[in-house]
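In the working numbering, the protein residues as written are 242 to 672.
From the three backbone atoms N, C-alpha and C, an ideal C-beta is built for every residue, glycine too.
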C-alpha cells in the first residue's frame, strides 16, 4: 500500500516537474484580452458560442505541439527557421504580422490591468498603465529565465476564480452540456466578430513564436545537446507533448468556465455588453455573495486576476516579439541571458512594451481594445498557420519528426476554420 502511494506521489512529482513552456503558454493564452473576449461572448450570446471551447481544444494542442516540435527538432525559433529556409519577403511579412498583433495585444493588456486596478485604488488610469508597463519590463530584464519561469507558473492560479464561481451557482447543466457539444453559427457581423475574437485569442500568433523559442530555452537550460539518440529524442518529444497538452487543456477549461459564468450571471440578468471592468467583475459576485460587501470582494478578485494574468501575458507578448526580431537578424537572444549580453533582445522587449503602452493614450476604450486585439489575432494567425504547416511537413527541416497524418489533418482544419471565420467576418463587414 505504501509502495503504491509513494509510486503515485513520485509520478505526480515527475509530472509537475516536466510542466514548463506548454503550461506557461496555456496560462498566458487566458490573458486580459482573452478574459474580456470570453466574458463578452457569454454576456452577449449566452451559451451559443460555448462549443468553441471544446472544438478548439484539439486544434490548439495540434498547433502548439507543431510549434514546440519545430523548436525542439531544429534548435531554433520560428523566425530563425523562416530566415534559413524561406525568402526575405516571407521573413519580413512574418515579422510585421507578429509585431503588429503583439504590440496591439500588449497595449490592450496594459490598459486592462490599469482599468482593473482602478476598481481597487482611485489612481489615474495613465499612472497605473505606466506603472504596470515598468513592472513587466523589470520582470523580463532583471530576472533570470529559471526564476521567471517559476514565477509565471504560479500566476496561473488566478484563473481558479472562474471555475470556483462556476460550481457554486445554480446552473442549467443540461442546456450547458448541449451548448458545449452542439456547434451554433449565426451569419451576422456581431456574432462573427466575437467568434473571430474567441478563436483569435485561443490560437494567437504570439503563442506560436513563444512556444518554439521557449522549447529552445528549455533545451539550453537542461543542457541537452544536438544529435541526441533516437530514444532520447522521442522521450523529449513525449515530455513536450504532455506539457503542451496539459497547458492547453487547463487553458480551454478556464475558457469554458469564463463563458459559462458570464452567460449565467451576466446574460441572464440582462447585461449583454461589457462597458467597463466593473461590468466584467460582476460575473464573480456569486463567488462571494454570502460575504459582506460582495460587490467589492468580486471587484478585488477580478482585479487581482486581471493584474496577475496581465503580468503573465505582457512579458510573453513582448518576449515572443523580441525572439522573432532577434532570430531574424541573428542577434543574441534569450531570457536566460543578462541584459548586457543580449542588448538587442531586451531593447526590442522595451520597444514593444512602450509602443503598446502608448496605444493607451490615444483615446481607445480599454474594454473594446481587448476584444479588438483578439480579433486582430484571429486574422493575423491565418497566414502564419499556413507557414507552420509548411515547415512542419518539410522533411528537409524536420527529418523523422515531420508532421504525421493526424497532425497535418488537425492543422489544416485549424487553418480552414480560422480562415473561414476571418473571410466571413470581412464579407459581412463589406456587405
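Query, Result
"By the three-class DSSP mapping on this structure, what secondary structure does residue 572 have?", "coil"
"Tell me the DSSP secondary structure of residue 411 in three-state form.", "coil"
"Tell me which residues share the same chain as residue 663 and place their Cβ nearer than 7 Å to its Cβ, disregarding the 5 neighbours each side in the sequence.", "437, 619, 620 and 623"
"Roughly how far, in whole angstroms, is the beta-carbon of residue 559 from the beta-carbon of residue 583, given that I think they are within contact range, below 8 Å?", "At roughly 14 Å, the Cβ-Cβ gap does not stay under 8 Å, so residue 559 and residue 583 are not in contact."
"Could you work out which residue in 273, 491 and 458 is closest to residue 318 when comparing CA atoms only?", "458"
"So, helix, strand or coil for residue 403, using DSSP?", "helix"
"Under a three-way DSSP split, which group does residue 423 fall into?", "coil"
"Quick check on the burial criterion: 16 or more other C-beta atoms within 10 angstroms. Buried or exposed for residue 288?", "buried"
"Is there contact here, the stretch 421-428 with the stretch 507-517, by at least three beta-carbon pairs under 8 Å?", "no"
"Residue 376 and residue 600 - do their beta-carbons sit closer together than 8 Å?", "no"
"Under 8 Å between the Cβ atoms of residue 368 and residue 547?", "no"
"Residue range of the alpha helix (DSSP H) that residue 310 falls in?", "292-315"
"Using beta-carbon positions only, say whether residue 506 and residue 523 come within less than 8 Å of one another.", "yes"
"State the Cα-Cα distance for the pair residue 448 and residue 672, rounded to the nearest angstrom.", "32 Å"
"As a quick exercise: from 299, 429, 545 and 410, pick the residue whose alpha carbon is nearest that of residue 362.", "545"
"Tell me which same chain residues have a C-beta within less than 6 Å of the C-beta of residue 563, skipping the five on either side of it?", "586, 589 and 590"
"Flag this pair as yes or no: are the beta carbons of residue 512 and residue 284 separated by less than 8 Å?", "yes"
"If you follow the alpha helix (DSSP H) that residue 609 is in, where does it begin and where does it stop?", "607-633"
"Would you tell me roughly how many angstroms separate the C-alpha atoms of residue 604 and residue 614, rounded to the nearest one?", "15 Å"
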